[in-house]
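The structure appears below as structure tokens.
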Amino acid sequence: MSNATGIDRRGLLARMIAGIGAMTLGGCQKLSDTTWFPKILGFGEKATQGVQRLILPRKAMVREFSETDPRPFRSNGTSLPNNPAFLAMAKNGFADYRLIVDGLVEKPGMFSLAEIRALPSRTQITRHDCVEGWSAIGKWKGARLGFLLEQVQLKPNARYVVFHCADPMNEDGSSPYYESIDMEDAFHPQTILAYEVNGTVLPISNGAPIRLRVERQLGYKHAKYVIRLEIVENFSGIAGGKGGYWEDQGYEWYAGI
Amino acid sequence: MADLTCALPEKKMQYRHHLPVRLMHWINVIALVLLLMSGLNIFNAHSALYWGESSYGKKPSLLEIRGVEDNEGNLIGGTTRLFRYEINTTGFLGASKNMDGDLTERGFPTWITIPGNQWLALARRWHFFFAWLLVANGLSFVTYSLLSRHVFRELLPTRQDLDSIGRSVVDHLLLRRPKGEEAARYNVLQKMAYLSVIFMIAPAMILMGLGMSPALDAVFPKLVSLFGGRQSMRTLHFFIAWALVAFVFVHVFEVIVNGFWNNVRSMITGYFKIPSELDNE
């Protein structure tokens, strides 16, 4: 083909292809920096949450591994909280530690470490999946969160458990880590307030004295250095309002994938 | 479809690709490019691959891409290790220039990732949005091609096709272009490549991706152990992605050597010009 219209058409096609290529490379970066486009992209993760909650039986359990599997569990995120009050408590073997449980409950309370250890417990060897991509297997022992919540008696409008932590995320000691889960995960049998890892008392690097294990979600949901459980109906008024430290930085609240 | 061939004066035009196929093809192009690039940004968050359930088991990583520092802790380059073989990949893998032009430690370089800067949260948004689009598009394609019998008519190799595999391999290696009647339908290697991408590689890709979900692990526990564990699935997801890239390279190469404009036009307008037996172009 060598007629004029053919060449025009080819030119048009070439421009179209070049245009699409340039749009893909340059445009994606521009779109990433807007506020509206990431929100549209967020529908993908919302769809994941909807579908996973639809097909996931409420009590579906994650796999548990055998005694031969556990390896030294790595520390990630904060390994030593930059918080004088916490460090003083740690020096004293957490004898003064009290887990505050308040918010939308009939009987708010404070639990010492001994009281938490006296609650019905569960031991599980599970795989920890980090949002970054790595996995580590650990053997965890802790109090069943569902049992604790039954003790404090949830009010009818209680929808989420917010985990307030002792580790500040900013160097100046501000912006403490926090996380949240809904009641479906809170009452799951494998959701525990862990105080032991691989058969020893939970070390500070892994979140002493108490860290959350919420096995069907990614690592950032497993709050470390938990000092307070606040039962809420929604997240407004708590830090960035998205239900977690990383959620406030753009990560998805539901971390099932 | 071959039976819709209409003879125009001097050149034979074939209405080759129906509108739904053309539309779904270009949706695939967009989704796959964006999935690859956002996937590489996600990979960069932990630029090593393992086999098994854990990243901290007895065996070392299979692949590791990392930065190299001098004695004072300054980044001086990047290195890539596959099994025991390690090579210097400064500028491309392990260490490359960031958006401001400074050498930074990162797995894949900024020009091949979405977003260009290291930003896991947003890369995941891109990835899962276009993963859903790819799944929806793939399911539509399979439904359409089964109902319209596209799979049976144009994609499934015939008995005759299977007997001619050897000759087809030689034709491809010699870059011999099919003409006339032969050019009016897909050749056997082409059919097998398309079928394996549609029914094996793409579904495997999606399956390996889903296998990394801790929630789905609770629903399909056997699936993850079948492939050796979550880290194995991450590794397979990574390498199958490159298998798809290899397919795209071969696909585009064949498009170029078999008449670039004719092929591209047929995927836009639907019409493909059949090279005549006498044509020596």
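Chains as they are written, first to last, in the working numbering: chain D, -10 to 246; chain P, 21 to 301.
By construction, the Cβ of each residue, glycine as well, lies at the ideal position given by its N, Cα and C atoms.
Continuous alpha helix (DSSP H) stretch holding residue i: start and end
i              : result
D174 (chain D) : 172 to 175
W25 (chain D)  : 25 to 44
Q251 (chain P) : 250 to 277
D58 (chain D)  : Looking at the DSSP string, D58 (chain D) is not in any alpha helix (DSSP H), and its letter there is neither H nor E.
Q18 (chain D)  : 17 to 22
F112 (chain P) : Neither: F112 (chain P) is in no alpha helix (DSSP H) and is coded neither H nor E.
S245 (chain P) : 241 to 246
L76 (chain D)  : 73 to 80
Within chain P, partners of residue i - CB distance below 7 Å
i              : result
F32 (chain D)  : F149
Q18 (chain D)  : P135, G136
V120 (chain D) : L140
I44 (chain D)  : V239
G239 (chain D) : A141, L142
As assigned by DSSP and simplified to three states, the class of residue i
i               : result
D156 (chain D)  : strand
D132 (chain D)  : Residue 132 (chain D) is actually Ala in this sequence, not Asp. Strand at A132 (chain D).
M228 (chain P)  : helix
R52 (chain D)   : coil
D237 (chain D)  : helix
S64 (chain D)   : coil
P40 (chain P)   : helix
T189 (chain D)  : strand
D118 (chain D)  : strand
S216 (chain P)  : helix
E139 (chain D)  : helix
N(-8) (chain D) : In this predicted model, N(-8) (chain D) has a pLDDT of only 48, less than 50, meaning its place in the structure is not dependable; the value taken from the coordinates is given anyway. Three-state DSSP puts N(-8) (chain D) in coil, outside helix and strand.
R169 (chain P)  : coil
T178 (chain P)  : coil
I227 (chain D)  : coil
Y243 (chain D)  : coil
L1 (chain D)    : helix
T133 (chain P)  : coil
Y149 (chain D)  : strand
V189 (chain P)  : helix
L218 (chain D)  : strand
Beta-bridge pairing of residue i - partner residues as DSSP gives them
i              : result
M99 (chain D)  : D:I89
A212 (chain D) : Answer is none; A212 (chain D) lacks a bridge partner.
K117 (chain P) : P:L123
P165 (chain D) : D:P157
A68 (chain P)  : P:E84
A197 (chain D) : BP columns for A197 (chain D) are empty, so no partner.
R202 (chain D) : D:I181
A125 (chain D) : D:H117
T112 (chain D) : D:K130
V284 (chain P) : DSSP lists no partner for V284 (chain P).
Extent of the continuous beta strand (DSSP E) run through residue i
i              : result
L182 (chain D) : 181 to 186
N108 (chain P) : 105 to 108
Y206 (chain P) : Y206 (chain P) -> no beta strand (DSSP E), and no H or E assigned at all.
F292 (chain P) : 291 to 294
I85 (chain P)  : 83 to 89
I96 (chain P)  : 95 to 102
Residue i to residue j span [Cα, whole Å]
i               : j              : result
R169 (chain P)  : V217 (chain P) : 18 Å
N17 (chain P)   : D237 (chain P) : Residue 17 (chain P) cannot be examined here, being either before or after the span of chain P that is shown, 21 to 301.
F247 (chain P)  : T99 (chain P)  : 28 Å
L95 (chain P)   : N64 (chain P)  : 17 Å
W281 (chain P)  : Y149 (chain D) : 58 Å
K242 (chain P)  : S252 (chain P) : 14 Å
L60 (chain P)   : V272 (chain P) : 22 Å
V151 (chain D)  : Y214 (chain P) : 50 Å
K293 (chain P)  : Q206 (chain D) : 53 Å
D90 (chain P)   : G97 (chain P)  : 9 Å
L113 (chain P)  : W152 (chain P) : 29 Å
V49 (chain P)   : E173 (chain D) : 39 Å
L166 (chain P)  : F172 (chain P) : 8 Å
S(-9) (chain D) : L2 (chain D)   : With a pLDDT of only 43 at S(-9) (chain D), under the threshold of 50, the placement of this residue in the model should not be trusted, and no figure is reported.
Within chain P, the residues that residue i reaches when beta carbons sit closer than 8 Å
i              : result
A125 (chain D) : S74, S75, Y76
P27 (chain D)  : L142, R145
L182 (chain D) : Near L182 (chain D) there are no residues of chain P at all, since even the closest Cβ is about 19 Å away, more than 8 Å.
L207 (chain D) : P234
Contacts that residue i makes with chain D (C-beta to C-beta distance below 7 Å)
i              : result
V284 (chain P) : L2
S233 (chain P) : G245, I246
A65 (chain P)  : E121, G122
W152 (chain P) : G33, A36
R254 (chain P) : G122
F83 (chain P)  : Per the sequence shown, residue 83 (chain P) should be read as Leu rather than Phe. Residues of chain D passing the Cβ test: none, with the nearest at roughly 12 Å.
Listed by chain order, chain P residues near residue i by CB distance under 9 Å
i              : result
A197 (chain D) : By Cβ distance, chain P contributes nothing, its closest Cβ being about 20 Å from A197 (chain D), past 9 Å.
E51 (chain D)  : Note on residue identity: the sequence assigns Val, not Glu, to residue 51 (chain D). Those within 9 Å of V51 (chain D) in chain P are P234, A235, D237, A238, P241.
Where residue i meets chain D, residues with beta-carbon distance less than 8 Å
i              : result
V277 (chain P) : Near V277 (chain P) there are no residues of chain D at all, since even the closest Cβ is about 17 Å away, more than 8 Å.
Contact list for residue i against chain D, beta-carbon separation under 9 Å
i              : result
Q251 (chain P) : G122, W123, S124
Within chain A, the residues that residue i reaches when beta carbons sit closer than 8 Å
i              : result
Q113 (chain D) : Of the protein chains in this structure, namely D and P, none is chain A.
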